[in-house]
Amino acid sequence: MTECKAHAICCRSLSKSFGETPVLRSLNLCVDRGELVCLLGPSGCGKTTLLRCIAGFEHPGAGSIQIGGKTVAGAGLASPVAPEARRVGVVFQEAALFPHLSVLGNVAFGLSQGRGLLSRLVRGPGRAERARAREMLDLVGLADKADRRPGELSGGEQQRVALARALAPEPEVVLLDEPFANLDRSLRLTLRREVRDALKACGATAILVTHDQDEAFTMADRVGVMLHGEIAQIDTPERIYEHPADTRVASMVGRGALLDASVEDGGLVCCGLGRVSADGIGEACAGAGCSVFVRPEGLRLNPEGCPRSVAGRVVRVEYAGDHRLVTVDIGNGAAIPVKVDPNLRVSVGTEVGVEVVGPVRVVRGVKPPSPVTVSAKRTAEAGRGDR
Amino acid sequence: MDTGGAAVLRTGESGRFLPERTRRAPVALVIGGSVVGVLAALPVVYLLVRAFEAGGGELFETLRRPGLLVLVLRTAALAGVVAGASVAIAFALAVLTAATDLPMRRLSSVVSVLPLAVPCYVGASAVVGLSGPGGVFEGMGAVRGFWAAAIVLTLFIFPLAYLPLRASISRVDPRLIDAARSLGESGLGATLRVILAWSWPACVGGGVLVGLYTLGEFGAVTMLRCDTLTAVIYEQYRSSFSRTGAAVSSLLLVVLVLACLGVGGLLRRRGSWSSGRGSSRGGVTLKLGAWRWPAFALVMLIGAGPVLLVVLTLLSWLGYEGGAGGVGGGLWSGAATSASVAIAAGVACVLMTAPAAVLAARYPGRVSGLVERAVSTGFALPGIVVALGLAFFALRATPFAYQTWGLVVAAFVVLFAAQSLMALRASLERSPVRLEEAARTLGRGPVGAFVGVTLPGLAPGIGAAWVLVTLSAMKELPAMLLLSPAGSVSLAELVWSSTREAMFASAAAPGLALIGVSAGLVWLVAMREGLT
Amino acid sequence: MGYRRYAFAVIAGIAAVFVLSMHAGFGRAEDGAAAQAAPSITVYSGRSRQLVAPVFEAFERETGIRVRVRYGGTAELAALLLEEGDRTPADLFLAQDAGALAALKRAGRFRPLPSALRQRVEPRFVSRDAERGGWIGVSGRARAVVYNTDLVDPAALPATLGGVLDSVWAGKVGYPPSNASFQAMVSAMRARDGDEKTIEWLRALRASAAKTYANNTETVRAVASGEVAIGLVNHYYALRMLAETPGLPVSNFYMRGDDAGSLVNIAGAGVMRRRGGTDATHEAAEKLIAFLLSEQTQAYFAAETFEFPLIAGVEPPAGAPALREVGAGSMDLGELSDLEGTLRLMSRAGVLP
Ligand SMILES: Nc1ncnc2c1ncn2[C@@H]1O[C@H](COP(=O)(O)OP(=O)(O)O)[C@@H](O)[C@H]1O
Ligand SMILES: [Mg+2]
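Residue numbers (the working numbering), protein chains in the order written: chain A, 3 to 389; chain B, 242 to 773; chain C, 1085 to 1437.
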């Protein structure tokens, strides 16, 4: 426990069930001071529940939570610390601004805790509180909207106010629960940058949860991939992308081909793409059978019959401006995504060869939830659909 | 004042779907909506006729009456205290029953509305009986005066404020509470700073309704010997027979009504807010922890305690000599008459206020403001004034309608349209105007959109409006006594004539019957409001 | 879910039809045609159903005349009758106090009373000029001093209202200032002695630390419990209470002095002038007054309400002397109608708020 003193927030073996359904399963998560961690996971994996446990709105069934080195939930406490005593700022998916207060009043809401209840109830924010609230509004670029009502703001502005409100009392940690999910795409892009800048300007520690991989990767210092109530892997975006810890993470993050393989001598594996050399055989593979993973940019499209290529037929071509993604069926139902130059014209049905040019990684064989090729985007869309 | 008073009886989330002010209301709607306003304004016209017929002399004589200022102030103070206390109690109960993990929330919700089943005058006569010689509270001395009246009125009419408050609080977005708590507010602080602010329009609307009711309340205040303007109006009818003095006092009461609406408008504007999405999912659930059962006991005590006390008192009177007899067969025909007239009044009220509600919710403006003020005045005027006013006009304009139940129903519409208007309007405001616009874009004409979309928007309020009016009409006394066809019997009259002669025993049976029938209606209110 | 919102409309609709069908028979239609066969009359009764309904029922049985009654407060009904004018449906007004009757008489609302009726009671209980339109008393309600028989020697009781102010009674008198009968007494005092004397008396009463009560019943109870020694009330409260609880230490004393303390007020009736009135209805209304003044009804009033019968030959209520031994009255009850002036005077004297 003592080692957590260094962390702003530390969850140990956190478990939580709603009735019979386990939602968090012995989850571990530590966040350094000033760090921005994005939790990436499909809808329903327990992201919101985790944040609500940290904020104190839910109480974990087992495990402990420390915030700023102080245990707020878990063994050794008679009862969990109340939400208001945890110094945690929260930004919800819907901005959840107080409709009866002005923008300034919203931001100043958490600044009046020094005063008595009656005074908080009937008197508006004091001078110092107003100054601090204005400072925060400045930070999120809304100083000119201070006297508006929340109803008169656009969705993006509302979220920025929500962030300013959460940051104003200088919380130990800020929790953001899919703060951009309700916004349109272009707004989302600018807001990501602005929110990150604001958090960094304050030196705030933050956990942001999202089901959007781009969001997680562009904003985070570290990304935690959350699956089925666990953190499957937590690391820098680069490491997550290049070294997915297991098949679930591999299929969750980015695109790529995940293939069954058998280990051979000399650092080689045998898979649907032929006999190729692969990293990480020792650590991830027990026995002969394992999985290998290769990114689309690690593959090259060759004309049919080229040496060192595996033959296949193009089944789909997606144009993405700076590249084309060609999906090739190499038999056995394995559809392999290959990234090619946007100027390369291929049509569906063409017979081609696929060659491995980049790294192939052996990943721990946890059964992926869906067929061989999974795109994070499609997962995200499915997730949005069932909300 | 013009816009201030206009929107006070609203209890929904005010500007959620701000209708465009520029839209012109259809003429048919304006006319339909004005009918109830004109009807409700008749008593005021009558008062003006009576006040000025004797020339200015008697008018000034009445206005110079010693103690008049004290009287007006006392009346205003009583209305203010009862409104404030009712809103406080109603708020506490609404939070407990709609936004916490209170045990048996449904039961608690119904119990919170139960006091509506007891007419104030029955409650007051029980209290007077209990505190008199031989009563349970004999040692406590006579329960009389301003504070006694304030307490009794509060205990029996706070549900008027509870109903809109509960509807509003059950729609508070739980995330707002979470946000407040993460910003360092305790449970109590969040309740007050967020839920109170959220439901502020409903607080003001409910408070105004209770205040108006108190202004017009007669039975309980006279029994508890707290002289208010209404009590004095009766006194003047009794003493002068010239009706001018009473008319002048009644006009003063109208001024108090407008003041009450004005204050409501000011309070409302202070805390108004223009947007906020109600929660469509489950609302807030605050954890009471160790306070769950004490809180439950408190709800039971406030909701069921006074009702139980009254019922037990009446039951004990039933045991006295002549208790069950006295009234005999009159009880059944009285109950049937009261119930059916009240039911008809409820239907008439809903039908007549529906266009006014649409007008007020969709095309707020001068006309809807005037209608609302007229209707509020009707609610606060004493029954005798409304009855005499309608008699005055009926005898001159529609003599065939005099001495018919139609006129009684009309009087009930004047007296209780405010409740109906409030309920219908709140329900309209909860149904988005966008739907109507969507319907228009889907190719429906204005009439089609109205029938297909606006009317269903009224539906949730219709039950509440009907039941509230019916309940009030059941309990109403003077208009029933003066306007019902001679020879008819009503429960209220039976109770009244018994208590008047201090024959508490024979008041017991009709009193219990009245409470019984009303309790049935309260159950309907409760069901309607989704409490059960 | 959907059907429930419409269930209410259906219930309400059915209920409305029920109401309409149930009450279709009521109303004015009966007035005309049916009246010839068996005349029916409408009575506005300021006396409550409990007290007077059996009398009307007996009248219906005896005469076959149907009586439709509107019960209500005497004052409210009087106000309504004034509002209705000659369009009133009422054939007869039965009032609990002379003030309301006087106000209606002043407005010319009463028909003449036949002399046969007028002669049934003492002239002091009939309005002046009743032959041109007026009212007649049907029962007597006397002022009385109720005293606690344990505390007070009847011989020492004050014989006049002036005597009540004697220092021996300081702090021992109870009275109900807001009660109509007390106010009628003050009105009578004003009519006899003028406003100045009256206000002096009221002020002196207040200064003597006399205690005020909400109504007659509470005043009598206070006397019974010894809280005060004597009370200024109407006579029937003590009688009624004694009948309910024999042995209570209370008794009535009737002042005989020539002042308002000896006032005998009445409950009375008058036949209304109305547009739809016919000889048959007038006759029926007069018959009803005659019935109210019959021995049978007078005895009923004496037994049930403990009021004084106004016709000769009927026993006074149990525990009361004969009416002629009560009151010295040369009081004109028609002068009691300025209640408003009385109230103003009383609040000037400080006995009313
Ligand atoms: N209050 C609750 N009661 C029961 N089940 C819940 C509750 N909250 C969440 N769940 C369930 O827990 C799972 C995780 O929910 P949540 O944490 O909201 O997922 P995410 O935020 O990752 O989409 C879901 O299956 C959800 O249905
Ligand atoms: Mg979520």
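We treat Cβ as the ideally placed atom computed from N, Cα and C, and that holds for glycine.
Bear in mind that the values here come from a model prediction, so they are computed numbers and not experimental data.
Run of the beta strand (DSSP E) containing residue i, from where it starts to where it stops
| i | result |
| --- | --- |
| C:LEU1316 | 1314-1318 |
| B:CYS467 | Unbroken run through B:CYS467: none, as it is neither H nor E. |
| C:PRO1207 | From DSSP, C:PRO1207 is part of no beta strand (DSSP E); its letter is neither H nor E. |
| A:THR23 | 23-34 |
| C:PHE1177 | 1176-1179 |
| A:LEU275 | Segment: none, A:LEU275 is in no beta strand (DSSP E) and carries neither H nor E. |
Which residues DSSP lists as bridging residue i, in chain order
| i | result |
| --- | --- |
| A:PRO339 | A:THR329 |
| C:SER1262 | None, per the DSSP bridge assignment. |
| C:ASN1336 | C:VAL1230 |
| C:MET1356 | C:PHE1194 |
| C:TRP1219 | C:GLY1354 |
| A:ASP179 | A:VAL211 |
| A:PRO1 | Any question about residue 1 of chain A goes unanswered here, given that chain A covers just 3 to 389. |
| A:PHE295 | A:LEU260 and A:ARG363 |
| A:ASP237 | A:VAL225 |
Whole-Å CB distance - residue i paired with residue j, under 8 Å assumed
| i | j | result |
| --- | --- | --- |
| C:GLY1221 | C:VAL1236 | Their Cβ separation, rounded to whole angstroms, is 31 Å, which puts C:GLY1221 and C:VAL1236 out of contact at 8 Å. |
| C:GLY1130 | B:LEU722 | No, C:GLY1130 and B:LEU722 are not in contact; Cβ-Cβ is about 11 Å, not under 8 Å. |
| C:LEU1135 | C:MET1356 | 21 Å between Cβ atoms; not a contact. |
| B:VAL271 | B:LEU600 | 7 Å |
| A:LEU38 | A:LYS49 | Incorrect: roughly 15 Å between the Cβ atoms, too far for contact. |
| B:SER327 | B:PHE399 | 4 Å |
| B:CYS501 | B:LEU456 | 7 Å |
The alpha helix (DSSP H) enclosing residue i, as first and last residue numbers
| i | result |
| --- | --- |
| A:CYS40 | Where A:CYS40 is concerned, there is no enclosing alpha helix (DSSP H), although the beta strand (DSSP E) it sits in stretches over 38-42. |
| C:HIS1366 | 1363-1376 |
| B:LEU611 | 607-621 |
| C:THR1389 | 1379-1389 |
| A:THR212 | Element bounds for A:THR212: not the alpha helix (DSSP H) but the beta strand (DSSP E), 208-212. |
| B:ASP419 | 415-423 |
| A:VAL105 | 105-110 |
| B:THR780 | Outside the displayed span of chain B (242 to 773) sits residue 780 of chain B, for which this structure offers no information. |
Sub-8 Å separation of residue i and residue j beta-carbons
| i | j | result |
| --- | --- | --- |
| C:GLY1192 | C:GLY1217 | yes |
| C:ALA1288 | C:VAL1257 | no |
| C:PRO1333 | C:ALA1308 | yes |
| A:GLY282 | A:ARG363 | yes |
| B:ALA391 | B:LEU493 | no |
| B:GLY702 | B:ALA667 | yes |
| B:GLY274 | B:SER617 | no |
| B:ASP646 | B:VAL730 | In the sequence under discussion, the amino acid at residue 646 of chain B is Trp, which differs from the Asp named in the question. No; because the gap between Cβ atoms is not below 8 Å, this pair is not in contact. |
| A:ALA170 | A:GLY112 | yes |
| B:LEU280 | B:VAL591 | no |
| A:THR51 | A:LEU79 | no |
| A:VAL296 | A:THR352 | no |
Worksheet item: Using 8 Å as the threshold, is the segment 36-45 of chain A in touch with the segment 58-74 of chain A, meaning 3 or more CB pairs across them?
Response: no
Worksheet item: Is the number of C-beta pairs between the segment 435-445 of chain B and the segment 406-418 of chain B that are closer than 8 Å three or more?
Response: yes
Practice prompt. Kindly confirm or deny that the segment 211-227 of chain A and the segment 153-168 of chain A touch, where touching means at least three C-beta pairs closer than 8 Å.
Written response: no
Worksheet item: Do the segment 10-29 of chain A and the segment 186-193 of chain A touch if we need at least three Cβ pairs shorter than 8 Å?
Response: no
Worksheet item: At a cut of 8 Å, does the segment 356-365 of chain B reach the segment 422-439 of chain B through at least three beta carbon pairs?
Response: no
Worksheet item: Pairing CB atoms from the segment 1140-1160 of chain C with CB atoms from the segment 461-470 of chain B, are three or more of them under 8 Å?
Response: no
Item to complete: Mind the definition here: the segment 255-269 of chain A touches the segment 326-338 of chain A only if three or more C-beta pairs lie below 8 Å; say whether that holds.
Response: yes
Worksheet item: Contact between the segment 99-106 of chain A and the segment 136-150 of chain A: three or more CB pairs below 8 Å?
Response: yes
Practice prompt. Could you tell me whether the segment 626-633 of chain B touches the segment 292-302 of chain B, using the rule of 3 or more Cβ pairs below 8 Å?
Written response: no
Worksheet item: So, do the segment 1346-1354 of chain C and the segment 1224-1236 of chain C have three or more beta carbon pairs nearer to each other than 8 Å?
Response: yes
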